[in-house]
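Numbering (this note's numbering), first residue to last: 252 to 383.
Here you go:
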């Protein structure tokens with residue numbers, strides 16, 4: 252099952268129609284309809300996260316539902332997913348990571364490694380004397 256199909260099914264289970272759910276998620280109806288018709292890959296990370304949050308799931312949950320927990324194409328486990336999603340929502344970072352949801356697993360691991368590198372640098376920078 253593809254990601255858009257998973258989202259469509261979960262939205263139907265809420266009992267809301269697409270227009271009402273789009274409003275709940277804070278998206279224009281046409282944006283949500285486009286995600287559901289054309290697929291998640293062409294959507295912005297921010298919009299996919301909004302849909303997932305409105306459904307009460309993470310993007311990782313969406314991948315597990317779409318690809319199954321044992322398949323190679325499922326998203327890698329990320330204990331700090333909410334922190335990573337917040338990082339993605341930062342306009343300074345989001346451009347680099349905009350293709351994360353549709354990236355192959357190897358690319359996702361590279362992106363996560365880079366994210367960890369940025370986090371470590373920011374932590375070290377905040378620990379420098381006189382930088383507080």
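Ideal placement from N, C-alpha and C gives every residue a C-beta, glycine not left out.
Secondary structure of residue 308 (DSSP, three-state): coil. In this structure, residue 257 lies away from residue 354, with their beta-carbon atoms at least 7 Å apart.
For residue 257, the enclosing alpha helix (DSSP H) begins and ends at 254-265. In the structure shown, residue 298 falls within a helical segment according to DSSP collapsed to helix, strand and coil.
Assignment of residue 278 by DSSP, reduced to helix, strand and coil, places it in the coil class.
Residue 317 sits in a helix when the DSSP states are folded into three classes. For residue 253 and residue 259, the gap between their C-alpha atoms comes out near 10 Å. C-alpha of residue 283 to C-alpha of residue 269: approximately 7 Å in a straight line. Boundaries of the alpha helix (DSSP H) harbouring residue 363: 356-378, taken from the DSSP string. Residue 372 and residue 359 have their C-alpha atoms some 20 Å from each other.
Within the same chain, and ignoring the five residues on either side of residue 285 in sequence, the residues whose Cβ sits closer than 8 Å to its Cβ are 293 and 294.
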